[in-house]
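Q: This is the structure I have questions about; it appears just below.
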Amino acid sequence: MYRRRTLESFLTKAARQFPVLLVTGARQVGKTTFLRHLSRKGRTYVSLDDPMVLSLARKDPALFFQRFPTPLLIDEIQYAPELLPYIKLEVDRNRKPGSFWLTGSQPFHLMKGVSESLAGRVGVVQLLGLSRKEWAGRSRESRPFLPTLQELRTRIQTGEKLPLKELYRIIWRGAFPAIASNERLDRDLFYSSYVQTYLQRDIRDLARVGDEMSFLRFLRAAAARTGQLLNLSELARDADIAVGTAKSWLSILQASGVAYLLEPYHTNVTKRLVKTPKLYFLDTGLCAYLTEWSSPETLAAGAMAGAILETWVMIELLKGYWHNGRRAPFYYYRDKDRTEIDLLIIQDGTAYPLEIKKTASPGKDDARHFRILEKRKIPVGPGGVICLAEQSLPLTPTVQSIPVAAL
9 MYRRRTLESF LTKAARQFPV LLVTGARQVG KTTFLRHLSR KGRTYVSLDD PMVLSLARKD
69 PALFFQRFPT PLLIDEIQYA PELLPYIKLE VDRNRKPGSF WLTGSQPFHL MKGVSESLAG
129 RVGVVQLLGL SRKEWAGRSR ESRPFLPTLQ ELRTRIQTGE KLPLKELYRI IWRGAFPAIA
189 SNERLDRDLF YSSYVQTYLQ RDIRDLARVG DEMSFLRFLR AAAARTGQLL NLSELARDAD
249 IAVGTAKSWL SILQASGVAY LLEPYHTNVT KRLVKTPKLY FLDTGLCAYL TEWSSPETLA
309 AGAMAGAILE TWVMIELLKG YWHNGRRAPF YYYRDKDRTE IDLLIIQDGT AYPLEIKKTA
369 SPGKDDARHF RILEKRKIPV GPGGVICLAE QSLPLTPTVQ SIPVAAL
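This is how it looks when you write it as structure tokens:
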């Protein structure tokens with residue numbers, strides 16, 4: 009059963025502006041299903057996963073476009089970057105909006121071709137797994153989050169609850185549409201197949217992985233560090249690989265929609281901020297599988313419970329921005345005195361601080377580090393502590409507790 013995606017509204021508008029649309033994201037997040045659902049009758053669909061079609065695209069792009077006329081949906085365009093100059097020629101001949109819809113799972117080498125061939129002609133959007141609102145059939149309610157009083161009132165009016173047991177079940181299963189929409193699908197079998205497919209189809213060729221077990225160790229070591237400051241030396245040591253290899257493989261995880269790096273906030277004036285990014289996996293189910301948590305209950309009670317909750321919250325907030333076609337202006341704060349704030353949302357020069365806590369009883373002490381922003385002369389808006397509380401209450405005059413259900 010197709011679940012409506014928040015990105016539909018933005019993509020429909022973008023299709024009236026750009027001749028080419030590119031939807032990127034990890035495998036299995038629903039890119040093809042999403043675009044095929046939106047395709048009107050008459051749009052040709054072609055997948056470059058088909059070896060015969062791929063051979064034609066690579067060897068004779070001109071004949072390829074004679075065989076598959078516009079409007080055209082090309083799936084997995086990264087397998088045949090040779091097509092991009094021909095798409096440019098076609099677009100320049102006939103600048104008809106929506107002529108080409110493309111999907112790509114590995115934009116790390118694809119994007120160079122897009123930027124060189126299709127600059128000014130392509131709209132690029134990123135799709136993640138299902139958000140909670142998309143899963144619940146309320147995709148139109150998903151929007152960029154700011155912890156203002158009006159925004160919190162609007163979100164809390166629904167009275168929705170998210171008990172701890174249900175929250176960690178959602179986190180443990182993950183947000184890939186196939187598994188999030190089908191409770192009967194075996195979770196371990198799904199992720200086992202996913203990891204093998206990812207290794208065999210995406211990584212072996214693109215990263216030149218000679219030892220698949222080394223890459224699997226790297227994946228597990230990276231998953232175990234979700235929600236933490238990135239330390240490439242420790243990551244490489246645990247995976248038993250060179251630091252340069254770890255850096256290369258991490259860039260592939262990041263660009264292929266598996267991992268996300270949250271950059272530290274900095275200004276030209278502030279000299280005491282740490283410049284290391286924080287690492288997040290972009291699907292908590294995959295992360296929990298790689299770190300071998302056997303059930304939602306063991307995950308909720310285990311050593312990763314806080315970090316994976318922070319990861320889930322971060323992903324839900326990202327979806328609110330990315331699925332509305334917006335860049336997520338997200339940063340974290342940490343200085344050399346180890347004063348840390350989990351998330352800063354920067355809008356119009358103002359920082360909206362957020363802490364993410366696995367507690368049902370937050371207190372004003374959870375927001376004590378917010379004061380450092382004023383000392384640094386950073387304009388500060390309302391803040392919040394995203395937590396397991398069932399209602400939103402003021403912790404200070406400018407900080408509210410925010411139930412996870414409000415996301």
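Going by this note's numbering, the first residue of the sequence shown is number 9, and it counts up by one from there. Built from N, CA and C at the ideal position, the CB exists for glycine as well.
Take every Cβ of the region 187-201, pair it with every Cβ of the region 365-377, and state whether three or more of those distances are shorter than 8 Å.
A: The region 187-201, when compared against the region 365-377, does not touch it at the 8 Å Cβ threshold.
Q: Pull the bridge partners of residue 272 from the DSSP assignment, please.
A: Numbered from 1 along the sequence shown, position 264 holds the residue referred to as residue 272. Its beta-bridge partners are 340.
Q: Give the DSSP-derived three-state secondary structure of residue 301 in the structure shown.
A: Position 293 of the sequence shown, counted from the first residue, corresponds to residue 301. Of the three classes helix, strand and coil, the one that applies to residue 301 here is coil, per DSSP.
Q: Could you tell me the boundaries of the alpha helix (DSSP H) in which residue 247 lies?
A: By one-based count along the sequence shown, residue 247 stands at place 239. Element bounds for residue 247: 240-247.
Q: Of all the beta strand (DSSP E) runs that stay within the bounds of the region 112-177, which reach a length of 3 or more residues?
A: Listed in chain order, the complete beta strand (DSSP E) runs (minimum 3 residues) inside the region 112-177 are 130-134.
Q: Do residue 77 and residue 125 have their C-beta atoms within less than 8 Å of each other?
A: In the sequence shown, the residue the question calls residue 77 occupies position 69. In the sequence shown, the residue the question calls residue 125 occupies position 117. No, the Cβ-Cβ distance between residue 77 and residue 125 is not below 8 Å.
Q: Closer than 8 Å is the cut-off here; do at least three beta carbon pairs connect the region 37-52 with the region 140-148?
A: Contact fails: fewer than three Cβ-Cβ distances are below 8 Å.
Q: Going by the CB atoms, is the gap between residue 268 and residue 288 shorter than 8 Å?
A: The sequence position of residue 288 within the sequence shown is 280, counting from 1. The sequence position of residue 268 within the sequence shown is 260, counting from 1. Yes, these two residues count as a Cβ contact at 8 Å.
Q: Report the rounded CA-to-CA distance for residue 311 versus residue 110, giving the unit in angstroms.
A: If you number the sequence shown from 1, residue 311 lands on position 303. If you number the sequence shown from 1, residue 110 lands on position 102. The alpha-carbon atoms of residue 311 and residue 110 are separated by roughly 41 Å.
Q: At which residues does the beta strand (DSSP E) containing residue 359 begin and terminate?
A: One-based indexing of the sequence shown puts residue 359 at position 351. Note, residue 359: beta strand (DSSP E), 358-364.
Q: Which residues share a DSSP beta bridge with residue 371?
A: Looking up residue 371 in the sequence shown gives position 363. The partner list for residue 371 (beta bridge, DSSP) is empty, contrary to what the question assumes.
Q: Smallest Cα separation from residue 221: which of 246, 239, 197?
A: One-based indexing of the sequence shown puts residue 221 at position 213. Taking only the C-alpha atoms, the option nearest residue 221 is 246.
Q: Helix, strand or coil for residue 6, going by three-state DSSP, please let me know.
A: With the chain running from 9 to 415 in the structure shown, residue 6 is simply not present.
Q: Just the C-alpha distance for residue 297 and residue 379, rounded to the nearest angstrom, thanks.
A: Translated into the one-based positions of the sequence shown, residue 297 becomes position 289. Translated into the one-based positions of the sequence shown, residue 379 becomes position 371. One C-alpha to the other measures close to 38 Å.
Q: Is residue 327 helix, strand or coil when you go by DSSP?
A: Start at 1 with the first residue of the sequence shown, and residue 327 comes out as number 319. It is helical.
Q: Tell me whether residue 329 is buried or exposed, calling it buried when 16 or more other Cβ atoms sit within 10 Å of its Cβ.
A: Taking the first residue of the sequence shown as 1, we reach residue 329 at position 321. The residue in question, residue 329, is buried, as its Cβ has 16 or more Cβ neighbours within 10 Å.
Q: Just to confirm, is the Cβ distance from residue 417 to residue 261 under 8 Å?
A: There is no way to answer for residue 417, as the model of the chain reaches only from 9 to 415.
Q: Express the C-alpha separation of residue 244 and residue 238 in angstroms, rounding to a whole number.
A: As a first step, residue 238 must be located in the sequence shown, where it is residue number 230. As a first step, residue 244 must be located in the sequence shown, where it is residue number 236. Straight-line Cα distance between these residues: approximately 11 Å.
Q: So for residue 262, helix, strand or coil by DSSP?
A: Sequence index remark: in the sequence shown, residue 262 carries index 254 (1-based). Residue 262: helix per DSSP, three-state reduction.
Q: For residue 411 and residue 397, which I take to be in contact (beta-carbon distance under 8 Å), what is that distance rounded to the nearest angstrom?
A: By 1-based counting over the sequence shown, the position of residue 411 is 403. By 1-based counting over the sequence shown, the position of residue 397 is 389. Yes, residue 411 and residue 397 are in contact; Cβ-Cβ is about 5 Å, under 8 Å.
Q: Cutting at 7 Å between CB atoms, please list the residues of its own chain near residue 169, excluding the five before and the five after it.
A: Position 161 of the sequence shown, counted from the start, is the residue given in the question as residue 169. So the list reads 398, 413, once near-sequence residues are dropped.
Q: Would you report the Cα separation of residue 166 and residue 391, rounded to the nearest angstrom?
A: Here residue 166 refers to the residue found at position 158 when the sequence shown is read from its first residue. Here residue 391 refers to the residue found at position 383 when the sequence shown is read from its first residue. Computed Cα separation, rounded: 21 Å.
Q: Restricting to Cα atoms, I'd like to know which of 349, 315, 325 is closest to residue 335.
A: On the sequence shown, residue 335 is found 327 positions in, with the first residue counted as 1. Looking at the Cα atoms, 325 is the closest of the given residues.
Q: For residue 380, report the span of its alpha helix (DSSP H) as first-last.
A: Stepping through the sequence shown from its first residue, residue 380 is reached at position 372. Its alpha helix (DSSP H) spans residues 379-383.
Q: Would DSSP call residue 196 helix, strand or coil?
A: Along the sequence shown, read from residue 1 onward, the residue named residue 196 stands at position 188. Residue 196: helix per DSSP, three-state reduction.
Q: Across the region 247-254 and the region 143-157, are there enough close Cβ pairs to call them in contact, namely three or more that are closer than 8 Å?
A: Because the criterion of three Cβ pairs below 8 Å is not met, the region 247-254 and the region 143-157 do not touch.
Q: Comparing alpha-carbon positions, which option in 271, 86, 331 lies nearest residue 343?
A: Start at 1 with the first residue of the sequence shown, and residue 343 comes out as number 335. Ranking 271, 86, 331 by Cα distance to residue 343 puts 271 first.
Q: Around the Cβ of residue 71, are there at least 16 other Cβ atoms within 10 angstroms (buried) or fewer (exposed)?
A: Residue mapping note: residue 71 aligns to position 63 of the sequence shown, counting from 1. With fewer than 16 other Cβ atoms within 10 Å, it is exposed.
Q: Am I right that residue 54 and residue 82 are in contact with their C-beta atoms under 8 Å? What's the rounded C-beta distance?
A: Residue mapping note: residue 54 aligns to position 46 of the sequence shown, counting from 1. Residue mapping note: residue 82 aligns to position 74 of the sequence shown, counting from 1. Yes, they are in contact, since the Cβ atoms of residue 54 and residue 82 sit about 6 Å apart, within 8 Å.
Q: Tell me the DSSP bridge mates of residue 395?
A: Position 387 of the sequence shown, counted from the start, is the residue given in the question as residue 395. 411.
Q: Go to residue 95, then tell me how far its alpha helix (DSSP H) extends in each direction, as first and last residue.
A: As a working mapping, residue 95 is identified with position 87 in the sequence shown. Here the alpha helix (DSSP H) through residue 95 covers 91-101.
Q: Would you mind reading off the limits of the alpha helix (DSSP H) that contains residue 290?
A: Position 282 of the sequence shown holds residue 290. Per DSSP, residue 290 belongs to no alpha helix (DSSP H) and is neither H nor E.
Q: Can you have a look at residue 48 and say buried or exposed, based on whether 16 or more other CB atoms are within 10 angstroms of its CB?
A: To locate residue 48, count along the sequence shown from 1; it is residue 40. Exposed: under 16 other Cβ atoms inside 10 Å.
Q: Around the Cβ of residue 319, are there at least 16 other Cβ atoms within 10 angstroms (buried) or fewer (exposed)?
A: Taking the first residue of the sequence shown as 1, we reach residue 319 at position 311. Flag for residue 319 reads buried.
Q: By Cβ distance, which residues of its chain are closer than 8 Å to residue 24, with the 5 residues on each side in sequence left out?
A: Along the sequence shown, one-based indexing puts residue 24 at 16. If we look at residue 24 and ignore the five residues flanking it on each side, its Cβ neighbours are 105, 106.
Q: What is the rounded straight-line gap between the Cα of residue 333 and the Cα of residue 15?
A: If you number the sequence shown from 1, residue 333 lands on position 325. If you number the sequence shown from 1, residue 15 lands on position 7. Cα to Cα, residue 333 sits roughly 7 Å from residue 15.
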